[in-house]
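This report refers to the structure that appears directly beneath it.
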Amino acid sequence: MPRRRGRARVRPIGEAKDLALAAAAHARAAGRLIGSGRDMVRAVHLARRHIKRARSLLRALAPLSREAVARENGFLRAFAHQLAPLRDAHALEEAARQVGLAAHGGATQSGGVDLTALGKALQRQARVIARLAPAQAPRHFLAMAVARSYRRARRAYARYELDPGTEPLHEARKRIKDCLHLVEALADRRPKRAPPKPGRLDELGEQMGAIRDLDLLAHRLRRKAGNETKLIRIAARQTRLERAVARAGARAFADKPSAVEKAWRGA
Numbered sequence: 014m015p016r017r018r019g020r021a022r023v024r025p026i027g028e029a030k031d032l033a034l035a036a037a038a039h040a041r042a043a044g045r046l047i048g049s050g051r052d053m054v055r056a057v058h059l060a061r062r063h064i065k066r067a068r069s070l071l072r073a074l075a076p077l078s079r080e081a082v083a084r085e086n087g088f089l090r091a092f093a094h095q096l097a098p099l100r101d102a103h104a105l106e107e108a109a110r111q112v113g114l115a116a117h118g119g120a121t122q123s124g125g126v127d128l129t130a131l132g133k134a135l136q137r138q139a140r141v142i143a144r145l146a147p148a149q150a151p152r153h154f155l156a157m158a159v160a161r162s163y164r165r166a167r168r169a170y171a172r173y174e175l176d177p178g179t180e181p182l183h184e185a186r187k188r189i190k191d192c193l194h195l196v197e198a199l200a201d202r203r204p205k206r207a208p209p210k211p212g213r214l215d216e217l218g219e220q221m222g223a224i225r226d227l228d229l230l231a232h233r234l235r236r237k238a239g240n241e242t243k244l245i246r247i248a249a250r251q252t253r254l255e256r257a258v259a260r261a262g263a264r265a266f267a268d269k270p271s272a273v274e275k276a277w278r279g280a
């Protein structure tokens, strides 16, 4: 069976150095997708997912090569920012459909971004990222990396619970995605039943993302008068999502970080 265009070819991760190679594979896949010239909306959506995964794996390597990781992470952030307006336009359409409103349009435009050039630049950057693989790492580094990522996500979520505003939500969702991407990348090494459960992290991240998209839609609708009924429907949908997030968060972060590290040390 031919390999699907844009799919990251990631070999199983057995050592810390493999995280850099996996991050590079995701950056390379993102570049191929947005340079393909096909189905721009889907290509941008999938490319952003690959970039997020690449950044998550790079962050896990930060204790071993902080300066180099920060540099490459910054480059990937810049690539993602260029794609963000295209993603947001599509997300607004999806959010509108979720609450039964008409789509706004605009998700099919490139926004002046040269996607072909951006795709080539990403593939060049992937070669640099692959060379970040550290020669050595402390024993049980991967277990410590999972526990560290889980701890950061757990703390960010706790801050969001105390102050469920836009910025705390955005930060918590980023840290949750970091933890999810790392655990998924280490699927072959994950001890049986070891927390955190990727399905629970994914559910929580998706629900928080839906709240964020509805926030964007509501902000746009408030610019014009006569949208009060639409805003009420959005607020009702957000309330339901917030309740679901509270339930999902309690399940996803039931374990202490020390228990997570202990479980993963058996890998």
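So the sequence shown is numbered by our numbering: it starts at 14 and just counts up by one. Positions of the beta carbon are idealized from the N, C-alpha and C atoms, including for glycine. Bear in mind the structure is a predicted one, so any value in this text is a computation, not a measurement.
task = In the DSSP assignment, find the alpha helix (DSSP H) that holds D127 and state where it starts and stops.
result = Taking the first residue of the sequence shown as position 1, residue 127 is located at position 114. Here D127 belongs to no alpha helix (DSSP H), and DSSP marks it neither H nor E.
ask   = Going by beta carbon distance, what residues of the same chain come within less than 7 Å of R264, once the five residues before and after it are set aside?
value = As a first step, residue 264 is located in the sequence shown; it is residue number 251 there, counting from the start. Within the same chain, R264 has close Cβ partners R213.
key: Three-state secondary structure (DSSP) of L32   = Taking the sequence shown and counting its residues from 1, one reaches residue 32 at position 19. Assignment of L32 by DSSP, reduced to helix, strand and coil, places it in the helix class.
message = Please report the distance separating the alpha-carbon of W277 from that of L145.
response = Residue numbering aside, residue 277 sits at position 264 when the sequence shown is read from its first letter. Residue numbering aside, residue 145 sits at position 132 when the sequence shown is read from its first letter. Distance between the alpha carbons of W277 and L145 is about 24 Å.
query = Do the region 166-180 and the region 58-78 touch if we need at least three Cβ pairs shorter than 8 Å?
reply = Touching, no.
request  = Indicate whether at least one CB of chain D lies closer than 7 Å to the CB of L214.
outcome  = The question asks about chain D, but that chain is absent: this structure has only one protein chain.
ask   = In whole angstroms, what separates the C-alpha of E184 from that of D191?
value = Along the sequence shown, one-based indexing puts residue 184 at 171. Along the sequence shown, one-based indexing puts residue 191 at 178. Straight-line measurement puts the Cα of D191 at about 11 Å from the Cα of E184.
query = Is it a yes or a no for the region 229-240 touching the region 256-276, going by three-plus beta-carbon pairs under 8 Å?
reply = Judged by Cβ distances under 8 Å, the region 229-240 makes no contact with the region 256-276, as fewer than three pairs qualify.
request  = Whole angstroms is fine: what's the gap from S123's alpha carbon to A150's?
outcome  = Taking the sequence shown and counting its residues from 1, one reaches residue 123 at position 110. Taking the sequence shown and counting its residues from 1, one reaches residue 150 at position 137. The predicted position of S123 is uncertain, since its pLDDT is 48 and thus under 50; no value can be drawn from it.
ask   = Between the region 52-61 and the region 153-166, do at least 3 Cβ pairs fall closer than 8 Å?
value = no
query = Taking the continuous alpha helix (DSSP H) assigned at D268, which residues delimit it?
reply = If you number the sequence shown from 1, residue 268 lands on position 255. Element bounds for D268: n/a, residue is neither H nor E.
ask   = Rounded to the nearest angstrom, how far is the Cβ of L155 from that of A29, given a contact under 8 Å?
value = Translated into the one-based positions of the sequence shown, residue 155 becomes position 142. Translated into the one-based positions of the sequence shown, residue 29 becomes position 16. Between A29 and L155 the Cβ distance is about 6 Å, and since that is below 8 Å, they are a contact.
L234 in three-state terms, based on DSSP = The residue you call residue 234 lines up with position 221 of the sequence shown. Three-state DSSP puts L234 in a helix.
inquiry  = Counting C-beta neighbours from all protein chains within 10 Å, is the total for D201 16 or more, i.e. buried, or is it exposed?
reply    = For the purposes of this step, residue 201 is taken as the residue at position 188 of the sequence shown. Counting Cβ neighbours within 10 Å, D201 comes out exposed, since fewer than 16 surround it.
query = Helix, strand or coil: how does DSSP classify I247 here?
reply = Locating residue 247 in the sequence shown gives position 234, where the first residue counts as 1. Of the three classes helix, strand and coil, the one that applies to I247 here is helix, per DSSP.
ask   = Relative to the alpha-carbon of L135, which residue among K237, A249, E219, R90 has its alpha-carbon at the smallest distance?
value = Here the question's residue 135 lines up with position 122 in the sequence shown. Closest option to L135, Cα to Cα, is R90.
key: Collapsed DSSP secondary structure at I26 in the structure displayed   = For the purposes of this step, residue 26 is identified with residue 13 of the sequence shown, where counting begins at 1. The answer is coil: DSSP assigns I26 none of H, G, I, E or B.
ask   = If we ignore side chains and look at the alpha-carbon of each, how far apart do A171 and H153 end up?
value = In the sequence shown, the residue the question calls residue 171 occupies position 158. In the sequence shown, the residue the question calls residue 153 occupies position 140. Here the C-alpha atom of A171 lies approximately 27 Å from the C-alpha atom of H153.
request  = Mind checking which residues open and close the alpha helix (DSSP H) that includes D191?
outcome  = Taking the sequence shown and counting its residues from 1, one reaches residue 191 at position 178. Note, D191: alpha helix (DSSP H), 179-198.
Per-residue DSSP class, three states only, for H94 = The residue you call residue 94 lines up with position 81 of the sequence shown. Reduced to three states, the DSSP call for H94 is helix.
ask   = When the distance is taken between beta carbons, is A35 closer than 7 Å to I47?
value = Counted from its first residue, the sequence shown places residue 47 at position 34. Counted from its first residue, the sequence shown places residue 35 at position 22. Taking 7 Å as the Cβ cut-off, I47 and A35 do not qualify as a contacting pair.
request  = Please confirm whether A40 and A60 have their CB atoms less than 7 Å apart.
outcome  = Counting from 1 along the sequence shown, the entry for residue 40 is found at position 27. Counting from 1 along the sequence shown, the entry for residue 60 is found at position 47. The beta carbons of A40 and A60 sit no closer together than 7 Å.
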